[in-house]
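Protein chains: 2
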Amino acid sequence: TEYTEEVISQKIYLESWNEGSSKSAIEDFVRKTTTENSPDFIPEKDRIAVFDNDGNLWGEQPFYFQLAYALDYVKKEAPNHPDWAKDPTLKAAMDGDVMAVMAGGEKALIDIVMKSHAGMTEDQFSAAVKDWLSTSKHPDTGRPYNRMIYQPMLELLEYLRAHGYKTFIVSGGGIDFLRVWAEEAYGIPPYQVVGSSIKAKYEEVDGKFQVVKIPELNFIDDKAGKPVGIHQHLGVKPVIASGNSDGDFQMLEYTTNQPGARLGIILHHTDSVREYAYDSLSHIGNLKRGLLEGPEKGWIIVDMAKDWSIIYPN
Amino acid sequence: TEYTEEVISQKIYLESWNEGSSKSAIEDFVRKTTTENSPDFIPEKDRIAVFDNDGNLWGEQPFYFQLAYALDYVKKEAPNHPDWAKDPTLKAAMDGDVMAVMAGGEKALIDIVMKSHAGMTEDQFSAAVKDWLSTSKHPDTGRPYNRMIYQPMLELLEYLRAHGYKTFIVSGGGIDFLRVWAEEAYGIPPYQVVGSSIKAKYEEVDGKFQVVKIPELNFIDDKAGKPVGIHQHLGVKPVIASGNSDGDFQMLEYTTNQPGARLGIILHHTDSVREYAYDSLSHIGNLKRGLLEGPEKGWIIVDMAKDWSIIYPN
Ligand SMILES: [Ca+2]
Ligand SMILES: [Ca+2]
Chain C
31 TEYTEEVISQ KIYLESWNEG SSKSAIEDFV RKTTTENSPD FIPEKDRIAV FDNDGNLWGE
91 QPFYFQLAYA LDYVKKEAPN HPDWAKDPTL KAAMDGDVMA VMAGGEKALI DIVMKSHAGM
151 TEDQFSAAVK DWLSTSKHPD TGRPYNRMIY QPMLELLEYL RAHGYKTFIV SGGGIDFLRV
211 WAEEAYGIPP YQVVGSSIKA KYEEVDGKFQ VVKIPELNFI DDKAGKPVGI HQHLGVKPVI
271 ASGNSDGDFQ MLEYTTNQPG ARLGIILHHT DSVREYAYDS LSHIGNLKRG LLEGPEKGWI
331 IVDMAKDWSI IYPN
Chain U
31 TEYTEEVISQ KIYLESWNEG SSKSAIEDFV RKTTTENSPD FIPEKDRIAV FDNDGNLWGE
91 QPFYFQLAYA LDYVKKEAPN HPDWAKDPTL KAAMDGDVMA VMAGGEKALI DIVMKSHAGM
151 TEDQFSAAVK DWLSTSKHPD TGRPYNRMIY QPMLELLEYL RAHGYKTFIV SGGGIDFLRV
211 WAEEAYGIPP YQVVGSSIKA KYEEVDGKFQ VVKIPELNFI DDKAGKPVGI HQHLGVKPVI
271 ASGNSDGDFQ MLEYTTNQPG ARLGIILHHT DSVREYAYDS LSHIGNLKRG LLEGPEKGWI
331 IVDMAKDWSI IYPN
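So the protein sequences, as listed, match chains C and U. The first sequence begins at 31 in the numbering used here and counts up by one. The second sequence begins at 31 in the numbering used here and counts up by one.
The structure is reproduced here in structure tokens:
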């Protein structure tokens with residue numbers, strides 16, 4: 031292992047978490063699962079923590095950041111694809127009609143990505159996302175999107191890793207989109223990212239065999255899809271699951287209905303001043319069942335306004 | 031990192047590899063990609079090595095070990111499933127007609143697994159595989175199947191990991207089957223295993239929500255499927271790829287046609303005395319194109335009889 035008890039005890043973790051029941055519940059859980067001879071001790075190889083991304087590790091308002099990427103991409107590439115104007119969803123995207131696209135829900139976003147990205151190689155896609163990240167800004171904060179990550183969650187990831195936990199992303203967002211920037215942003219390598227995907231095939235492009243996206247849905251990693259995505263990609267059941275919406279309900283349920291010490295964490299967006307306040311009425315990140323049933327299941331409900339001293343990294 | 035140059039230089043790796051061009055080519059490659067200031071240096075985060083399993087990390091003769099498992103399972107469970115006798119493939123399996131099943135190729139094996147395992151939960155499947163491993167023996171050697179792993183390959187995995195490489199399995203075999211025993215056998219955790227799969231869903235079984243197998247093909251991780259499987263599960267291109275048949279050709283091609291130092295390794299089964307000798311004429315592990323085109327691509331062709339001092343662990 032990369033750490034010693036001594037090094038851990040000298041370092042201060044969770045600096046941006048205010049003292050309170052959320053912080054102490056997390057600390058208690060980590061202590062009891064990583065202290066040898068504790069009845070709740072979990073061997074290091076089984077210490078698996080899964081994190082939803084949108085609205086949990088980074089923001090998701092006023093609309094999914096990947097939707098901003100897809101709209102910008104379609105607008106930029108539209109002149110090269112006159113046929114796109116014939117497709118109602120792509121047409122709405124070309125026109126920047128966010129409301130129309132959002133009304134189509136997750137399906138519309140996937141539809142846009144499938145149709146606009148078909149035929150792209152792995153390398154072309156990564157380059158397009160990197161280019162977008164380096165040039166675009168969030169409409170409300172003016173920050174680059176990859177600086178809209180939550181500082182307290184970065185600290186939680188680091189704290190868990192320092193205690194032998196492996197951290198994974200399990201997101202409804204696009205797996206390839208996330209993989210471009212998750213390692214730099216969160217210290218989570220591409221092979222520890224699970225997400226929604228379209229299919230791909232191996233074929234010759236420009237004289238070289240490459241993996242190329244094809245316009246066919248592969249997997250939607252949301253709701254009851256999250257336990258399936260975890261099963262397919264990880265093949266082990268997590269010990270800790272963290273999310274912010276009812277799209278994470280099944281992931282938390284799947285994690286915490288196992289025997290042994292298990293932890294579910296729900297991030298409640300309560301901060302209308304420093305971030306956004308939304309839950310059961312929100313179109314994005316809708317959270318209702320988790321707030322109703324989570325507490326009786328022992329899940330921690332993190333109150334963003336109360337529990338976090340800062341939101342974004344400086 | 032978990033190692034220092036000093037610790038590495040004191041430990042002897044690849045002990046069961048005889049001195050010769052294969053061993054020195056592997057050592058040279060690892061040295062040049064892990065020595066800082068070397069023009070071929072690769073940062074630790076990018077050091078990814080992928081390994082085929084059947085006939086590469088463990089044996090595959092006289093027929094795939096997973097087929098032995100599936101036949102034993104069908105035979106054992108048949109009395110509870112009178113309907114199975116109506117299906118020709120399951121009937122052949124029930125009768126232990128290996129030749130008939132093998133004539134159906136990979137498809138027949140997948141068909142047997144799909145039909146016989148539908149409705150099993152994750153936990154039930156793991157328990158069935160564990161039970162089989164602890165009770166069954168290889169027909170020729172009498173060893174338990176998980177002691178039919180290759181000692182020199184265990185040493186290669188360990189050598190690479192000691193030099194900061196992450197090791198993954200990328201197998202045509204069943205992903206869930208492999209995950210039950212790969213960590214104990216190879217030190218490769220479940221989330222670093224890629225393989226063929228059937229679909230699954232999240233549903234209530236015995237009052238508890240679980241992931242359950244459904245009889246629908248999800249993915250075949252073989253031939254041109256291997257680069258796609260790597261793309262889907264790892265999301266990064268490997269630096270080292272190791273396999274033993276033409277089912278690995280595209281995986282080695284995908285790995286070694288990238289810029290920068292890359293290594294392809296083909297294990298040639300040349301040892302009719304201690305193991306089996308087979309290549310271009312074999313029904314299982316057919317190897318023809320790799321032997322013809324591999325050398326000009328710079329791939330190492332490991333000669334099992336010549337390069338390995340022992341085959342199985344003591
Ligand atoms: Ca979310
Ligand atoms: Ca093989």
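No residue lacks a Cβ here, since even glycine has one placed at the ideal position from N, Cα and C.
Around the beta carbon of residue 183/U, 16 or more other beta carbons lie within 10 angstroms, which makes this residue buried. Taking the Cα positions, residue 120/U is about 38 Å away from residue 202/C. Using a CB distance cut-off of 8 Å, residue 195/C does not count as an interface residue toward chain U. Counting along the chain, the unbroken beta strand (DSSP E) around residue 330/U starts and ends at 330-333. Neighbourhood of residue 227/U in chain C, by CB distance below 7 Å: 262, in chain order. Judged by the Cβ position, residue 274/U qualifies as a neighbour of ligand 2 at the 7 Å threshold, a heavy atom of the ligand being closer than this. Under the 10 Å beta carbon count, residue 247/C is surrounded by fewer than 16 other beta carbons and is classified as exposed.
Along the segment 119-189 of chain C, the alpha helix (DSSP H) occurs as fully enclosed runs of 4 or more residues at 128-133, 135-147, 152-165, listed in sequence order.
In terms of beta-carbon proximity, residue 223/C lines the interface with chain U, with at least one pair separated by less than 8 Å.
Sixteen is the threshold: when 16 or more other Cβ atoms of the shown chains lie within 10 Å of the Cβ of residue 261/C, as they do, the residue is buried.
In this structure, the straight-line span from the alpha carbon of residue 227/C to that of residue 141/C is close to 11 Å. In this structure, ligand 1 has a non-hydrogen atom nearer than 7 Å to the beta-carbon of residue 86/C.
Under the three-state reduction of DSSP output, residue 297/C falls in the strand class. Taking 8 Å as the cut-off, the Cβ atoms of residue 282/U and residue 273/U count as close. With contact defined as three or more Cβ pairs closer than 8 Å, the segment 90-110 of chain C and the segment 131-145 of chain C are in contact. At least one C-beta of chain U is nearer than 8 Å to the C-beta of residue 213/C. DSSP places residue 94/C outside both helix and strand once states are collapsed to three, so it counts as coil. Counting only runs that start and end inside the segment 58-96 of chain C, the beta strand (DSSP E) elements of at least 3 residues fall at 78-81. Residues of the segment 272-299 of chain C whose Cβ lies closer than 8 Å to any Cβ of chain U, in chain order: 280, 283, 284, 287. Beta-bridge partners of residue 272/U (DSSP): 81/U, 295/U. Within the segment 239-254 of chain C, the residues whose Cβ lies closer than 7 Å to some Cβ of chain U are 239, 241, 254, listed in chain order. Beta-carbon to beta-carbon, residue 268/U and residue 79/U are separated by about 6 Å, close enough to satisfy the 8 Å threshold.
Cβ contact annotation for residue 83/U (same chain, cutoff 7 Å, sequence separation greater than five): 199, 201, 203, 208, in chain order. When secondary structure is reduced to three states using DSSP, residue 233/C falls in the strand class. Residues of chain C whose Cβ lies closer than 9 Å to the Cβ of residue 258/U are, in chain order, 229, 230, 231, 232, 241. In the three-state scheme derived from DSSP, where H, G and I count as helix and E and B as strand, residue 41/C is classed as coil.
Residue 258/C: member of the alpha helix (DSSP H) spanning 255-263, first to last residue. For residue 219/U, the nearest CB of chain C lies under 8 Å from its own CB, placing it at the interface with that chain.
For residue 247/C, the three-state secondary structure derived from DSSP is strand.
The Cβ of residue 75/C sits closer than 8 Å to at least one Cβ of chain U. With a beta-carbon spacing of about 7 Å, residue 242/C and residue 150/C fall inside the 8 Å limit used to define contacts.
Within chain U, the residues 205, 206, 209, 220, 221, 223 have their CB atoms less than 8 Å from the CB of residue 265/C, given in chain order.
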